[in-house]
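Asks: Note that our numbering has the sequence shown beginning at 414, numbered continuously upward. Glycine included, every Cβ here is placed at the ideal spot set by N, Cα and C. Keep in mind that this is a model prediction, so the values were computed, not measured. Structure in structure tokens, see below.
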Amino acid sequence: MGEVEVDFPAVMARVRRIIEEGSAFYEQLLAERGVDIVRAHARFTGAHEVEAGDMRVTFKQALVATGSRARRLEVDGCEDVPTVTSDDLLSDGWV
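Shown next, in the form of structure tokens:
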């Protein structure tokens, strides 16, 4: 076999595109089913009410999708070796 080269910027562009397309697909699916998506810091103010940003939203049912955050390892010695998170890998500065 010959030498294999990977076009890392192209791979990462594809990863980002797939993530964006997946998010758009699910948002479209929710919208078709009458679900309103509100992106804001929020707090429940009652059993069927939430404040989100400067809005007050009432609902019959709520889905709270908090997402996730990458976290650095908390393992002795890891500060002495290079590590990256999933956010690092998907950032434009990494490529």
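#1: If you draw a straight line from the alpha carbon of alanine 423 to that of threonine 458, how long is it in whole angstroms?
#2: Distance check for alanine 478 and valine 417, CA to CA, integer angstroms please.
#3: Going by DSSP in three states, glycine 415 sits in which element: helix, strand or coil?
#4: Is it the case that the Cβ atoms of glycine 466 and alanine 475 are separated by a distance below 9 Å?
#5: Hey, could you find the ends of the alpha helix (DSSP H) valine 424 is sitting in?
#6: With DSSP as the reference, please indicate the residues paired to arginine 521 in a beta bridge.
#7: Considering just the uninterrupted stretch of the beta strand (DSSP E) at alanine 455, what are its terminal residues?
Replies: On the basis of the coordinates in this document:
#1: Counted from its first residue, the sequence shown places residue 423 at position 10. Counted from its first residue, the sequence shown places residue 458 at position 45. Their Cα atoms are separated by approximately 46 Å.
#2: Walking along the sequence shown from the start, residue 417 turns up at place 4. Walking along the sequence shown from the start, residue 478 turns up at place 65. Distance from the CA atom of valine 417 to the CA atom of alanine 478, rounded to whole angstroms, is 41 Å.
#3: The residue given as residue 415 occupies position 2 in the sequence shown. Coil at glycine 415, not helix or strand.
#4: Position 53 of the sequence shown, counted from the start, is the residue given in the question as residue 466. Position 62 of the sequence shown, counted from the start, is the residue given in the question as residue 475. Going by C-beta atoms, glycine 466 is not nearer than 9 Å to alanine 475.
#5: Mapped onto the sequence shown, residue 424 falls at position 11. Run containing valine 424: 421 to 445, per the alpha helix (DSSP H) assignment.
#6: Nothing can be reported for residue 521: it is not among the residues displayed for the chain, which extend from 414 to 508.
#7: The residue labelled residue 455 in the question sits at position 42 within the sequence shown. Element bounds for alanine 455: 455 to 459.
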